[in-house]
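Enquirer: Could you have a look at this structure, given as structure tokens, before my questions?
Residue numbers (the numbering used here): 1 to 620.
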């Protein structure tokens with residue numbers, strides 16, 4: 001939908017990039033290039049943005065994407081420095097002497113066509129015999145994999161791979177889906193092979209499915225045949241905007257702080273109406289309008305939980321009334337077990353958000369707050385400016401998609417730990433209950449820790465854990481000595497290098513397994529010296545002496561390998577004050593500003609971790 005002058009004025013009056021992006025997404029508004037320029041100028045005036053270097057390698061014209069890339073980057077609070085490779089130089093750019101390599105992009109975008117995968121795709125798919133398709137498919141995947149491997153060796157940043165969808169409809173028309181020669185089905189098989197190859201063989205590589213964007217825009221709005229035949233640029237304005245927004249949203253999800261917690265209101269958010277006034281049978285939630293919209297919104301929230309985001313509930317309500325809905329309403333999808341924390345009371349919502357943050361041991365800057373009330377949204381914005389606030393639209397039809405435009409909710413990887421987060425926080429509540437019970441009976445912290453029956457598994461140079469280890473460096477702020485951020489490629493490179501040792505640990509106890517929660521990167525600097533480059537631990541296991549046991553195990557392993565001296569840094573940040581005394585308390589002495597040193601001896605290798613209430617296995 002084109003933007004009217006009145007709508008443009010309203011957009012220019014908004015004071016946050018997220019509000020502008022949300023309004024564009026909710027209303028399906030597509031600005032002209034002139035309007036996009038005005039909005040970009042306005043966005044630039046709103047404050048600091050993250051600078052990102054983007055490299056584009058293409059086999060069709062890419063420069064016409066620039067206005068849309070700069071505009072959507074501003075919507076995602078980024079600024080772009082864009083390098084376009086010379087046309088048709090894909091292979092040449094995958095070298096260390098290329099312009100792309102000199103640009104050192106944070107994100108590399110590969111704009112490919114099907115013909116780039118295999119010459120056979122130059123012919124209509126219906127002309128390719130079924131018997132030949134498997135061989136062509138395998139060769140196409142092999143060719144693409146080889147190309148990506150070259151780029152992976154050339155650039156350090158994230159790589160986004162795209163393949164242009166077929167522009168005309170399938171050659172067999174409406175019958176295509178029924179045919180053994182179906183182009184649609186074959187291409188989906190190929191995409192499945194592509195994504196599997198990229199997922200299993202590479203780190204720091206994403207596939208952007210342009211077919212998905214095509215479905216959202218519609219073929220006539222996505223492609224512009226005039227531009228394609230005159231300028232080898234395939235996209236109409238809607239398509240260019242969709243592609244650019246997808247690229248910059250992925251970039252923002254990588255290089256801006258990702259959200260961790262979605263805190264939702266109940267009345268007029270999870271359902272229509274007020275439970276205290278309308279009763280359980282009177283709220284709008286079900287198969288009739290507008291209840292269907294609220295059901296779909298709950299489905300969206302459940303899907304976000306499956307992406308690894310934590311759900312929390314914050315509502316001014318009578319707890320018994322609200323709990324009746326959670327337990328007994330036939331269309332209520334979100335139950336008590338889906339919320340890692342709840343605050344159902346009459347206290348100010350900023351206070352409740354602080355309490356939830358304390359309970360989860362997470363920073364408020366990782367929170368997204370969703371509420372329908374002008375007052376509550378304003379109160380949170382004023383008291384907690386670090387929290388992203390999303391006000392539920394007044395139109396019920398817009399509610400299910402109100403979070404879709406948030407770049408902080410996009411992901412580029414998904415780990416086993418992400419899928420188990422809510423269960424892990426439930427386990428933590430059980431641990432706290434046990435601690436309280438022991439305290440009430442005179443038990444000590446030491447008694448509590450022993451009662452957990454903790455087991456730590458330490459692993460060394462485990463390439464299967466690379467996605468999770470990179471994720472830990474990107475997300476861990478509190479218990480992190482240096483807060484150095486590393487990509488999957490960085491971690492994989494260190495695991496493969498002789499001078500580095502990459503340790504991680506997982507922790508389990510009576511209540512469950514917390515997954516991989518700690519990382520240490522050690523660099524061998526001289527024959528008998530080493531440097532602790534990174535030492536971090538998830539906030540979920542703080543207070544269980546795991547950090548001391550982990551360090552003791554690492555020190556023991558290093559001594560066994562002949563290391564006699566270990567240096568480490570503490571680089572203070574606004575968030576990691578928790579670890580300011582960790583090194584001195586662990587036997588390190590201050591050597592210079594921020595640098596600490598510890599002498600190691602044979603005694604450090606004997607029974608590492610023996611002083612802690614944890615059974616330690618490894619390093620393995």
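We put the CB at the ideal spot given by N, CA and C, even for glycine.
Only a predicted model underlies this, so the values are computations on that prediction, with no experimental measurement involved.
Counting only runs that start and end within the stretch 209-291, where is the alpha helix (DSSP H) found for 4 or more residues in a row?
Expert: Taking only runs of at least 4 residues, the alpha helix (DSSP H) segments lying wholly in the stretch 209-291 are 210-217, 219-222, 225-231, 237-255, 275-278.
Enquirer: Taking C-beta to C-beta, are residue 106 and residue 52 nearer than 9 Å?
Expert: Cβ distance < 9 Å, so residue 106 and residue 52 count as in contact.
Enquirer: Identify which residue in 491, 183, 321 has its Cα closest to the Cα of residue 281.
Expert: Selected option, being the one with the closest Cα: 321.
Enquirer: Any chance the stretch 465-478 sits against the stretch 571-582, with 3 or more Cβ pairs inside 8 Å?
Expert: Enough Cβ pairs lie closer than 8 Å, so yes.
Enquirer: Give the secondary structure of residue 197 by DSSP, where H, G and I count as helix, E and B as strand, and everything else as coil.
Expert: Residue state, collapsed to three classes: helix.
Enquirer: From this set, 459, 410, 460, 76, which residue's C-alpha is nearest residue 46's C-alpha?
Expert: Here the closest residue by C-alpha is 76.
Enquirer: Determine the direct distance from the alpha carbon of residue 307 to that of residue 290, and round the result to whole angstroms.
Expert: Spanning the two alpha carbons is a distance of roughly 27 Å.
Enquirer: Taking residue 249 and residue 181 to be in contact with their CB atoms under 8 Å, please state how far apart those CB atoms are, rounded to whole angstroms.
Expert: Contact doesn't hold; Cβ gap of about 36 Å is too wide.
Enquirer: Measuring only the C-alpha atoms, how far is residue 327 from residue 270?
Expert: Residue 327 and residue 270: Cα-Cα distance of roughly 14 Å.
Enquirer: So residue 222 and residue 204 are supposed to be a Cβ contact under 8 Å. How far apart are they, rounded?
Expert: Not quite, the Cβ-Cβ distance comes to about 28 Å (not below 8 Å), so this is no contact.
Enquirer: Would the beta-carbon of residue 486 fall within 9 Å of that of residue 458?
Expert: Not in contact: residue 486 and residue 458 (Cβ atoms no closer than 9 Å).
Enquirer: Quick one: Cα of residue 314 to Cα of residue 419, how far?
Expert: About 23 Å.
Enquirer: Shorter than 9 Å from the beta carbon of residue 574 to some beta carbon of chain D?
Expert: Of the protein chains in the structure, only one exists, and it is not chain D.
Enquirer: Less than 7 Å between C-beta atoms, sequence neighbours within five positions excluded: which residues of the same chain meet that for residue 318?
Expert: Same-chain partners within the cutoff: 276.
Enquirer: To which residues does DSSP link residue 314 through a beta bridge?
Expert: The partner list for residue 314 (beta bridge, DSSP) reads 343.
Enquirer: What are the start and end residues of the alpha helix (DSSP H) that includes residue 585?
Expert: Counting along the chain, the alpha helix (DSSP H) containing residue 585 begins and ends at 582-585.
Enquirer: Please report the straight-line C-alpha distance between residue 587 and residue 262, rounded to a whole angstrom.
Expert: C-alpha separation (whole angstroms): 40 Å.
Enquirer: The alpha helix (DSSP H) spanning residue 377 covers which residue range?
Expert: Element bounds for residue 377: 374-383.
Enquirer: With respect to the beta strand (DSSP E) encompassing residue 332, which residues constitute its N-terminal and C-terminal limits?
Expert: Here residue 332 belongs to no beta strand (DSSP E), and DSSP marks it neither H nor E.
Enquirer: Keeping to the same chain, check which residues put their C-beta closer than 6 Å to that of residue 376; ignore five residues upstream and five downstream.
Expert: Excluding positions up to five away in sequence, the list reads 349.
Enquirer: Using three-state DSSP, classify residue 603 as helix, strand or coil.
Expert: Helix at residue 603.
Enquirer: Per DSSP, residue 456 is paired with what?
Expert: According to DSSP, which records beta bridges pairwise, residue 456 is partnered with 507, 616.
Enquirer: Smallest Cα separation from residue 120: which of 174, 596, 134?
Expert: The option with the nearest alpha carbon to residue 120 is 134.
Enquirer: So for residue 537, helix, strand or coil by DSSP?
Expert: Residue 537 falls in the strand class under three-state DSSP.
Enquirer: Whose CA, out of 294, 116, 490, 365, lies closest to the CA of residue 395?
Expert: Residue 294 is the option with its Cα nearest to residue 395.
Enquirer: Using CA atoms only, rank isn't needed, just tell me which of 351, 465, 272, 507 is closest to residue 288.
Expert: The shortest Cα separation from residue 288 among 351, 465, 272, 507 belongs to 272.
Enquirer: Starting from the C-beta of residue 11, find all residues in its chain whose C-beta is less than 7 Å away, skip the five residues before and the five after it, and write them out in chain order.
Expert: Closer than 7 Å at the Cβ level, and outside the excluded window around residue 11, lie 20, 23, 39.
Enquirer: Are the stretch 360-372 and the stretch 387-403 in contact at 8 Å, needing three or more beta carbon pairs?
Expert: With the cut-off at 8 Å, the stretch 360-372 and the stretch 387-403 touch.
Enquirer: Just the C-alpha distance for residue 409 and residue 285, rounded to the nearest angstrom, thanks.
Expert: Residue 409 and residue 285: Cα-Cα distance of roughly 25 Å.
Enquirer: Name the residue from 403, 493, 468, 509 whose alpha carbon lies nearest to the alpha carbon of residue 450.
Expert: Per the Cα distances, 509.
Enquirer: Out of 397, 535, 254, which has the shortest C-alpha to C-alpha gap to residue 27?
Expert: Comparing Cα-Cα distances from residue 27 to each of 397, 535, 254, the minimum goes to 397.
Enquirer: Can you have a look at residue 5 and say buried or exposed, based on whether 16 or more other CB atoms are within 10 angstroms of its CB?
Expert: Classification of residue 5: exposed, given that the 10 Å Cβ count is below 16.
Enquirer: Are the CB atoms of residue 554 and residue 482 within a distance shorter than 9 Å?
Expert: Contact: no.
Enquirer: DSSP beta-bridge partners for residue 133?
Expert: Bridge partners of residue 133: none, in fact.
Enquirer: Note the first and the last residue of the continuous beta strand (DSSP E) segment covering residue 53.
Expert: Counting along the chain, the beta strand (DSSP E) containing residue 53 begins and ends at 50-58.
Enquirer: To the nearest angstrom, report how far apart residue 65 and residue 517 are at their CA atoms.
Expert: If you take the alpha carbons of residue 65 and residue 517, they lie about 41 Å apart.
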